[in-house]
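To start, the structure itself, in structure tokens.
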Amino acid sequence: MQGHVTEEQLTALAEECLADREKTVVEEHVQQCEWCREQLSQIGEVRLRLTASAQGLELSSIEDAVLSRIERERQTREGRMTAWSRSIHLIRQVCAGTAFRAASISAVLIVIVVLVGVFYSEPSQAWSLEQSIEAVQEKRGVHFAGSLTIEGSRVECQMWVRGRQGESRMQDMLLRAENGTTVWVSGNATYVYIPPEPVVYKDDAQTAGFTHWPGAAFLQLLQKIARNAEVDYRFDLFAARRLVVLKAQLVDVGGPKSFVLEFDPSSKLLVRLKSWNNYDWSGPPTFQADSVTYLDSAPDSLFHVELPDGVVYRDREVSVAAETIGLLTTPSSGLSLPGLTEEEASRKIVEGVYTAEISGDLAGFRRLAPLASLWDDEQLRTLLAGTDGQESVIEVVEVGEPRRRGRSSLGPLIVVPVVVRHKEGSLYEHKIIVQIRHGAGRDFSCVVYGPYGVPYPVE
Amino acid sequence: MINPLRVMEMAGTDQDHIEGCLAGRTDEFRHLVARYERAVFAYLRGHLRNPDRAQEAAQESFVRAFFNLAKLKKRDSFFPWLLGISRHVAREIDRREQTDMKLSAEYLEQKRRLTAVRARSHGEALEAAVSSLPARLREVVLLRFYADCSCLQISERLNLPLGTVTKRLSRAYSRIRKQIEN
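These protein sequence lines map, in sequence, to chains A and B.
Using this note's numbering, count along the first sequence one by one with no gaps and you end on 459.
Using this note's numbering, count along the second sequence one by one with no gaps and you end on 1182.
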């Protein structure tokens, strides 16, 4: 061999990673070459030191400590959970897959407004919930201007939300980002378009934005179900005004969230917000609204969407949040219905969950829909029936045809449409996601995951 | 060193255990902790130069990793991802302590004492040298010596060719040697 062997070869020799032929060549060279022997010896010295250091490492296993901390943390987080509704209010459909990043952002705002309720309900503040409700009473829409963080990059965006005439529910939502990403809700459908892919993904339900637009009735609802917030003050030098700052954390069915919201004490309205998809406000915010403006009117033209030619529409698969899988696998939850097909079983369990709701059997409700165990009885009743009880279901009018719409790691996901009558007399279509859980062989059981979109009035 | 019986229990891949945790079997996380606790602790001790704080930071890193498992896109990259979380935790601790210490008159004195302690402790100096390696080199050294993996196991765990593992080890040894000599 001419010259010397490389350091990589010497290291591979020391690590016994050389193939037989190369090993022989390198070993023969090292025997004859003093310089390479010295190099090998130095490598050996470093390895020896590292081995000694590792052996001398005094660490009693932290397994038990970590597992115990996880359990404590989980209990704390579950105690703070606020935002999930079985039938009506605060759905957050998890937007899985790269095509739905933006949709998940708008869904986050549902949770954000939950916290407004907490804020206004703080007795120590200089204004009351009633004042805030009064302040938004005549407003018809909201405009947010700010940015999204998509895969680490900040993208400017704007969002408009409009309430349904005479109702507190959201009618339309449109989010436009500077990269062309557009998410909108129109009728009982949600659409997501992220260029350059010439595809609009569609959910046949309202799965993004707000369930109730952030108006008066919503604040009343939120006051009842929200928990956990800290309030502080800061002076905004640019606007020369004092702002109230709310910091809050929670975990919803989509995972941990943290927020900073700023309110103008004079108008009582939210004027700025930031939200993170983590529990500790770390990293860039997922969504940041540098300005929030309530609108006296919100014409149709605001919600007009133009798309390039050639764009095609595709249905999006339904998914469930990975964080909720644990609850869905609780052995005591769900139903096993031998002899029925998965679709037939889905219908049965949905009928069962409505029977439990109508009869006020919250334990039975939680057994069939285990995510409902995230809330205490009072919260759950409010979520199901609304603040005044008028949105409670009093009759199941029709259970529609179940449709397979996706799958999770547990098995297929089936959506069951149901027409129900609310206490105030109107008919609404609900869509419920049922998780099929496959066992050994052909055995399966099913459990209700939650709502697919929000209730939609039946004309 | 790692108990061989423990190694047998830990036979599942990282991906298997992550899937298990995401399916609600929290106890599966135990395997991941057992597999990497020493490597993470060694790294953090090198960074923080204090065994108690390193142990606390290691626990914090694992807890954060657990609650963010669903965000881990490449499930076969658990260890590098975990080290990233540990680095973040260590920096948070550093920042917090620096802020606290700068407010104190003892700051300079403590800094001087820390430097002296670091110089006296060969083990910690070595770990500090490992901690200051570039991430790619650091991963292989931690797995090789503190998680007791062979080069072949490292190549499987990090999804790298065997030659790349030995090349990285070679560069790491060279850097560590220079740093210790300095």
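Even for Gly, the Cβ is constructed at its ideal location relative to N, Cα and C.
Do we get a CB-CB distance below 8 Å when we pair leucine 1044 of chain B with the residues of chain A?
Translated into positions along the second sequence, residue 1044 of chain B becomes position 44. No - not a single Cβ of chain A is within 8 Å of the one on leucine 1044 of chain B.
For aspartate 280 of chain A, count the other beta carbons within 10 Å of its own beta carbon; 16 or more makes it buried, fewer makes it exposed. Which is it?
Along the first sequence, read from residue 1 onward, the residue named residue 280 of chain A stands at position 280. Under this definition aspartate 280 of chain A is an exposed residue.
Leaving out five residues on either side along the sequence, give the residues of the same chain with a beta carbon under 7 Å from the beta carbon of valine 1165 of chain B.
Here residue 1165 of chain B is taken as the residue at index 165 of the second sequence, counted from 1. So the qualifying residues of the chain are Val1140, Cys1151, Ile1154 and Ser1155.
I'd like to check one pair, tyrosine 191 of chain A with valine 199 of chain A: are the Cβ atoms closer than 8 Å?
Position 199 of the first sequence, counted from the first residue, corresponds to residue 199 of chain A. Position 191 of the first sequence, counted from the first residue, corresponds to residue 191 of chain A. No, the Cβ-Cβ distance between valine 199 of chain A and tyrosine 191 of chain A is not below 8 Å.
I'd like the span of the beta strand (DSSP E) that includes arginine 162 of chain A, first residue to last.
Position 162 of the first sequence, counted from the first residue, corresponds to residue 162 of chain A. Run containing arginine 162 of chain A: 153-163, per the beta strand (DSSP E) assignment.
Would you verify that the beta carbon of cysteine 1151 of chain B is, or is not, closer than 8 Å to some beta carbon of chain A?
Here residue 1151 of chain B refers to the residue found at position 151 of the second sequence. Cβ-Cβ to chain A under 8 Å: yes for cysteine 1151 of chain B.
From arginine 1171 of chain B to serine 1132 of chain B, what distance separates their C-alpha atoms?
As a position in the second sequence, residue 1171 of chain B is number 171, starting the count at 1. As a position in the second sequence, residue 1132 of chain B is number 132, starting the count at 1. One C-alpha to the other measures close to 13 Å.
What does the alpha-carbon distance come out to for the pair leucine 48 of chain A and glutamate 71 of chain A?
As a position in the first sequence, residue 48 of chain A is number 48, starting the count at 1. As a position in the first sequence, residue 71 of chain A is number 71, starting the count at 1. The straight-line gap from Cα to Cα measures roughly 40 Å.
Going along the chain, which residues of its own chain have a beta-carbon closer than 6 Å to the beta-carbon of valine 447 of chain A, five neighbours each way excluded?
As a working mapping, residue 447 of chain A is identified with position 447 in the first sequence. Closer than 6 Å at Cβ, skipping near neighbours: Leu328, Ser333, Gly334 and Gln435.
Under a CB-based cut-off of 8 Å, is valine 66 of chain A close to chain B?
Translated into positions along the first sequence, residue 66 of chain A becomes position 66. With 8 Å as the cut-off, valine 66 of chain A counts as an interface residue toward chain B.
Looking at the secondary structure, which residues open and close the beta strand (DSSP E) in which glycine 146 of chain A lies?
The residue given as residue 146 of chain A occupies position 146 in the first sequence. Run containing glycine 146 of chain A: 141-150, per the beta strand (DSSP E) assignment.
Shorter than 8 Å from the beta carbon of threonine 11 of chain A to some beta carbon of chain B?
Residue mapping note: residue 11 of chain A aligns to position 11 of the first sequence, counting from 1. Taking Cβ atoms only, chain B reaches closer than 8 Å to threonine 11 of chain A, which makes this a yes.
If we require 3 or more residues per run, which beta strand (DSSP E) segments fall completely within the segment 370-413 of chain A?
Correct list: 393-399 and 403-408.
Under a CB-based cut-off of 8 Å, is glycine 450 of chain A close to chain B?
Taking the first sequence and counting its residues from 1, the one referred to as residue 450 of chain A is at position 450. Judged by the 8 Å Cβ criterion, glycine 450 of chain A is not in contact with chain B.
What do you reckon, are the CB atoms on tyrosine 456 of chain A and isoleucine 433 of chain A nearer than 8 Å?
Walking along the first sequence from the start, residue 456 of chain A turns up at place 456. Walking along the first sequence from the start, residue 433 of chain A turns up at place 433. No; because the gap between Cβ atoms is not below 8 Å, this pair is not in contact.
If you check the beta carbons only, do valine 271 of chain A and serine 291 of chain A fall under 8 Å apart?
In the first sequence, residue 271 of chain A corresponds to position 271, counting from 1. In the first sequence, residue 291 of chain A corresponds to position 291, counting from 1. Closer than 8 Å, so yes.
Taking a cut of 7 Å between CB atoms, which residues from the segment 1152-1174 of chain B lie near chain A?
Result list: Leu1162, Thr1166, Lys1167, Leu1169, Ser1170, Tyr1173 and Ser1174.
Listed from N- to C-terminal order along the chain, which residues in the segment 45-56 of chain A have their beta-carbon within a distance smaller than 9 Å of any beta-carbon of chain B?
For the segment 45-56 of chain A, which is checked against every Cβ of chain B, the residues closer than 9 Å are Glu45, Val46, Arg47, Arg49, Leu50, Thr51, Ala52, Ser53, Ala54, Gln55 and Gly56.
Roughly how many angstroms separate the alpha carbons of aspartate 64 of chain A and cysteine 1021 of chain B, rounded to a whole number?
Locating residue 64 of chain A in the first sequence gives position 64, counting from the first residue. Locating residue 1021 of chain B in the second sequence gives position 21, counting from the first residue. Answer to the nearest angstrom: the Cα atoms are 16 Å apart.
Considering only the alpha carbon of each residue, which of B:Phe1067, B:Leu1137 and B:Ile1180 lies closest to leucine 1169 of chain B?
Position 169 of the second sequence holds residue 1169 of chain B. Checked all of B:Phe1067, B:Leu1137 and B:Ile1180; the closest Cα to leucine 1169 of chain B is B:Leu1137.
Whose C-alpha, out of A:Ile349, A:Val419 and A:Ser359, is nearest the C-alpha of leucine 337 of chain A?
If you number the first sequence from 1, residue 337 of chain A lands on position 337. Here the closest residue by C-alpha is A:Ile349.
Could you run through the segment 26-47 of chain A and flag, in chain order, every residue whose CB is less than 8 Å away from some CB of chain B?
Within the segment 26-47 of chain A, the residues whose Cβ lies closer than 8 Å to some Cβ of chain B are Gln42, Ile43, Glu45, Val46 and Arg47, listed in chain order.
When the cut-off is 8 Å and only beta carbons count, does arginine 1120 of chain B lie next to chain A?
Working through the second sequence from its first residue, we reach residue 1120 of chain B at position 120. In this prediction, arginine 1120 of chain B has a pLDDT of 47, which is less than 50 and means its spatial position is unreliable; nothing more can be read from the coordinates.
Check whether chain B comes within 8 Å of cysteine 17 of chain A, counting only Cβ atoms and requiring the distance to be less than that.
One-based indexing of the first sequence puts residue 17 of chain A at position 17. Yes, cysteine 17 of chain A counts as interfacial toward chain B.
In whole angstroms, give me the CA-to-CA distance for proline 1051 of chain B and isoleucine 62 of chain A.
Counted from its first residue, the second sequence places residue 1051 of chain B at position 51. Counted from its first residue, the first sequence places residue 62 of chain A at position 62. If you take the alpha carbons of proline 1051 of chain B and isoleucine 62 of chain A, they lie about 13 Å apart.
Under 9 Å between beta-carbons, which chain B residues line up against serine 409 of chain A? List them in chain order, please.
By one-based count along the first sequence, residue 409 of chain A stands at place 409. Residues of chain B passing the Cβ test: Glu1019, Leu1022 and Ala1023.
What are the residues that DSSP puts in a beta bridge with proline 457 of chain A?
Translated into positions along the first sequence, residue 457 of chain A becomes position 457. The partner list for proline 457 of chain A (beta bridge, DSSP) reads A:Tyr428.
Taking C-beta pairs closer than 7 Å, name the residues in chain A that leucine 1082 of chain B reaches, listed in chain order.
Residue mapping note: residue 1082 of chain B aligns to position 82 of the second sequence, counting from 1. Simply none; closest approach about 12 Å.
Is it right to say asparagine 1182 of chain B is buried, meaning 16 or more other beta carbons lie within 10 angstroms of its own, or is it exposed?
Position 182 of the second sequence, counted from the start, is the residue given in the question as residue 1182 of chain B. Exposed, since its Cβ has fewer than 16 Cβ neighbours within 10 Å.
Should glutamate 38 of chain A be labelled buried (16 or more other beta-carbon atoms within 10 Å of its own) or exposed?
Here residue 38 of chain A refers to the residue found at position 38 when the first sequence is read from its first residue. Exposed: under 16 other Cβ atoms inside 10 Å.
Assign isoleucine 1018 of chain B to one of two classes, buried (16 or more other C-beta atoms within 10 Å of its C-beta) or exposed (fewer than that).
By 1-based counting over the second sequence, the position of residue 1018 of chain B is 18. Buried, since its Cβ has 16 or more Cβ neighbours within 10 Å.
Suppose contacts are defined by Cβ-Cβ distances below 8 Å. Is alanine 1058 of chain B in contact with alanine 54 of chain A by that definition?
Position 58 of the second sequence holds residue 1058 of chain B. Position 54 of the first sequence holds residue 54 of chain A. In this structure, alanine 54 of chain A does not lie closer than 8 Å to alanine 1058 of chain B by Cβ.
Within a Cβ cutoff of 6 Å, which residues of the same chain sit near arginine 1075 of chain B, ignoring the five residues on either side of it in sequence?
Within the second sequence, numbered from 1, the residue matching residue 1075 of chain B stands at position 75. For arginine 1075 of chain B, where only same-chain residues beyond five positions count, the Cβ hits under 6 Å are Gln1015 and Ile1018.
Give the range of the beta strand (DSSP E) segment to which alanine 177 of chain A is assigned.
Taking the first sequence and counting its residues from 1, the one referred to as residue 177 of chain A is at position 177. Segment 170-177, the beta strand (DSSP E) holding alanine 177 of chain A.
Look at the Cβ atom of arginine 421 of chain A, then the Cβ atom of leucine 427 of chain A, and state whether they are nearer than 8 Å.
Position 421 of the first sequence, counting from 1, holds the residue named residue 421 of chain A. Position 427 of the first sequence, counting from 1, holds the residue named residue 427 of chain A. Their beta carbons are under 8 Å apart, which means arginine 421 of chain A touches leucine 427 of chain A by this criterion.
By alpha-carbon positions, which one of A:Glu22, A:Glu16 and A:Cys17 ends up nearest to valine 5 of chain A?
For the purposes of this step, residue 5 of chain A is identified with residue 5 of the first sequence, where counting begins at 1. Ranking the options by Cα distance to valine 5 of chain A, first place goes to A:Glu22.
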